[in-house]
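The opening position of the sequence shown corresponds to residue 1 in our numbering, with each subsequent residue numbered one higher. Where is the CB? At the ideal position from N, CA and C, for every residue including glycine.
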Amino acid sequence: MMRSMRLSLRFLIPLILALSALAYLVVPLVDNLTLRWFVRDLDIRSELLGRTFSEPLSEMIQQNARAKINGLFAQAIQDERLFALAFCDAFGQMRYKTSTLPASLHCKLPVDSDGEMRSLVHTPDGPLHLAKRVMEFSGQRLGELILVHDMSFVDRRSADTRKYVIALFGLLAGVISLITVFVAHLSWRGWIAGVRAMLRGDGIVRPFTQYGSDVQPLVGDFHALLRALGDEQRLRDGSTLDWTPDTLRQLLHENLSGDEILVVSNREPYMHADTPRGVEVQRPASGLITAVEPVMRACSGTWIAHGSGSADRRTVNRMDHVAVPPNDPTYTLRRIWLTKEEEKGYYEGFANEGLWPLCLIAHVRPIFRSSDWEQYLKVNQRFADAVVEEARTDNPVVLVQDYHFALLPKLIKERLPKATIITFWHIPWPNPESFGICPWRDQILEGLLGSTILGFQTRYHCNNFLETVDRFLETRIEREHSTVSYGGQITRVEHYPISIHWPADESHQWLPVEQCRDKIRSTLGMTNDHFLLLGVDRLDYTKGIVERFQAIELLLERRPELIGKITLVQIAAPTRSALDAYQAFEAKVRTAALRINERFASGAYQPICLKLEHHDAQSLIEYYRASDACLITSLHDGMNLVAKEFVAARDDERGVLILSQFTGAARELHEALIVNPYHIEQIAEAIHCALRMPAVEQRERMRSMRALVRDFNIYRWAGRMLLDASRQRQHERIASRINSDTRFSLRKVA
């Protein structure tokens, strides 16, 4: 026994010394690599801040607006990393600076050939990252903007990294020591035979399985490391990639090996309808279509949807396929045919009289019927069959869209267990108490938990879903990583704020803003100085249209001088007209508009212009560009893409967005005038504020919102989900390999 211990020590002491020396060499390399990563990150931040400040700062410098510049600088350094700002004029004199600028920094810092300077310096205030950007106005050099970032956080994170590296080497030393001590405790007389056996591979599996309880924590640590690395990579990809259709295609090729993409939705992206002019192609009014259709153009694949157009059956082939878009086909549309009974029960009944008011909480009582549920189950099974038929492989990527298909993920998973299913719930998810009134709540939750990834618009909706699952199902929830384990399936629950396609390529085809203003006002019989408010919605009781009208009425009542000078153009596309609740709401909207118009009409003037009809995308762009303000007062909304469409259309950087606090968009577009749609006086005051808002303030607000919508576009939304799906696939492959190796080892031991 003592001899075996001495033999162990002879091996362990040199091993520990060798690992210590290796750790001593590795730690500086890790520190250097960490520093380079953070410097690169600050380079990107400095470049972004320089572009952001460039235009407003140049205007302020031209105006010699010292107070505004000082205010802008003071507000900017509220960022925990931005330490100081300064501006040096063309003569090398420091004109403006924050009080935090170190005395050792001056204007004579060297500038690169590209007009920028980046460096890392050490001062009594700690390590600082410096960046200098040349400021120009109309081709004239004004001076240079100096940005100073605090890098003290790097030391703290490097210290954490060193701890992890040292802990890793300590863990390796501990594991190797355990194995060594175990081997040393073998009979020293059989040592050579034992070595020969291990070289042959005999006897290795048994010790591993005997000490499985000791090694098992390593597997857990390995999985935790994978998750942490995945989270870090996910954040980095989301912030540094330039999201375009080409980016999305490249992502699919690199991360998903070009796998096929299948989209499932109730509404089709293109429908063929009989008109007096023959068969015409129409685009349904839907935020979902607006968001997902550009993604399919980028990814190709197959879109499976209900064929609802009057000429849809005559335009498909024998496989019920049609290539779309009509003028430039890039993907395939597979149409599913539903009977009137199925459509009434599944779509009008359970989905829109049950789940829609249940989730939107818009004070309309949900209606649940057993007959509707049966049709909902039947149609979900029909679509699951279609997915299996369209899949060319056993592991496609399936994007399931919205509340019409809550049961579909589980149904697909049962038939295609290797499929990666991404379900996106476009509408809000209510709290557990509200959702609990649904008679088939458990079946819906189980259906959704068949997803690999389940996406919502906001983190708040994710939390509501996790709380609902926790309340009604026996599951294991890891809130730190936002995952649910149920029935052997792990579902990641994440928020992916949806967006729009940024119209960079289409904007050159738009009419100039002034022509749009003249055209729309001429059509409506208004003068050029008439203040035009715009509302664009589906005719739905969740959109706050009546509350919007009441705000106009209150504003004109309190400020009669505005009568004849402002008009709200309300575009409301009819929807779900067969339902009693929507018929009653349409009557309510018409009555409210008629009453207000009769009260304030003067000659040809009417304060509300109600257009209950569909408008194509080009017409909406002209209205967006012609209006002075866009009014969005949804009582509850998942995102509301109209807000982002309005911002994207305003390349003149003018116009005011008035936005309900109960939309997902309000969590992103902070520069909008945020209102409570139930507070009529607040909406009226916001409209009056928009009337008086200076052009400079409009430009600052709109510029900030446009930058966000441009960078956080629809391709980023899809890309983040697909990246997460790709990493989930990698994790599952690793876990499957580990489990397979463990089972193989156990069989050998047996």
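{"query": "Please state whether DSSP places residue 210 in a helix, a strand or coil.", "result": "Only weak support exists for where residue 210 lies, its pLDDT of 39 falling under 50; the coordinates are left without a value."}
{"query": "The alpha helix (DSSP H) that contains residue 460, what's its start and end?", "result": "459-472"}
{"query": "In terms of residues, what are the limits of the beta strand (DSSP E) holding residue 398?", "result": "397-401"}
{"query": "Helix, strand or coil: which one does DSSP assign to residue 404?", "result": "helix"}
{"query": "Report yes or no: do the region 620-637 and the region 343-356 share at least 3 C-beta pairs separated by less than 8 Å?", "result": "no"}
{"query": "Among 715, 512, 442, 500, which has the Cα closest to the Cα of residue 642?", "result": "500"}
{"query": "DSSP beta-bridge partners for residue 150?", "result": "128"}
{"query": "Span of the beta strand (DSSP E) holding residue 82?", "result": "82-89"}
{"query": "Identify whether residue 290 lies in helix, strand or coil by the three-state DSSP scheme.", "result": "helix"}
{"query": "Which residues bound the alpha helix (DSSP H) around residue 689?", "result": "680-692"}
{"query": "Please report the distance separating the alpha-carbon of residue 76 from that of residue 128.", "result": "17 Å"}
{"query": "Assign residue 271 to one of three DSSP states: helix, strand, or coil.", "result": "strand"}
{"query": "Would you list, in sequence order, the uninterrupted alpha helix (DSSP H) runs of no fewer than 4 residues that lie entirely inside the region 372-455?", "result": "408-415, 432-435, 441-448"}
{"query": "Just to confirm my understanding: we take residue 503, look at its own chain, exclude 5 residues before and 5 after, and list those with CB closer than 7 Å. What are they?", "result": "648"}
{"query": "If we require 3 or more residues per run, which beta strand (DSSP E) segments fall completely within the region 328-374?", "result": "331-336"}
{"query": "In the structure shown, what three-state DSSP assignment does residue 537 receive?", "result": "strand"}
{"query": "Mind checking residue 696: buried by the 16 CB within 10 Å criterion, or exposed?", "result": "exposed"}
{"query": "Which value, in whole angstroms, describes the spacing of the CA atoms of residue 632 and residue 247?", "result": "32 Å"}
{"query": "For the beta strand (DSSP E) that contains residue 63, what are its first and last residues?", "result": "Segment: none, residue 63 is in no beta strand (DSSP E) and carries neither H nor E."}
{"query": "By DSSP's criteria, residue 476 is part of a beta bridge. Which residues make up the other side?", "result": "485"}
{"query": "Could you tell me which of 335, 102, 249, 266 sits nearest to residue 297, measuring between CA atoms?", "result": "249"}
{"query": "Any contact between the region 379-389 and the region 397-410? By contact I mean 3 or more CB pairs, one from each, below 8 Å.", "result": "yes"}
{"query": "Just the Cα atoms here: how many angstroms apart are residue 700 and residue 653?", "result": "8 Å"}
{"query": "Classify residue 501 as helix, strand or coil using the three-state DSSP reduction.", "result": "coil"}
{"query": "According to the neighbour-count rule (16 or more other Cβ atoms, all chains shown, within 10 Å of its Cβ), is residue 439 buried or exposed?", "result": "exposed"}
{"query": "In whole angstroms, what is the alpha-carbon distance linking residue 468 and residue 431?", "result": "7 Å"}
{"query": "If we call anything under 8 Å between Cβ atoms a contact, is residue 447 one with residue 406?", "result": "yes"}
{"query": "Within a Cβ cutoff of 6 Å, which residues of the same chain sit near residue 547, ignoring the five residues on either side of it in sequence?", "result": "633, 677"}
{"query": "How would you call residue 436, buried or exposed, if buried means at least 16 neighbouring beta carbons within 10 angstroms?", "result": "exposed"}
{"query": "Nearest to residue 302 by alpha carbon, out of 422, 609, 397?", "result": "397"}
{"query": "Does the distance from the C-beta atom of residue 293 to that of residue 269 stay below 8 Å?", "result": "yes"}
{"query": "If you draw a straight line from the C-alpha of residue 392 to the C-alpha of residue 321, how long is it?", "result": "15 Å"}
{"query": "Do the region 569-578 and the region 522-542 make contact, defined as three or more Cβ pairs closer than 8 Å?", "result": "yes"}
{"query": "Who are the near neighbours of residue 557 in its chain, counting only those whose CB is closer than 7 Å to its CB and skipping five residues on each side?", "result": "none"}
{"query": "Taking the Cβ atom as the reference point for each residue, do residue 638 and residue 427 lie within a distance shorter than 8 Å?", "result": "yes"}
{"query": "With a 10 Å radius around its C-beta and 16 neighbouring C-beta atoms as the bar for buried, classify residue 262 as buried or exposed.", "result": "buried"}
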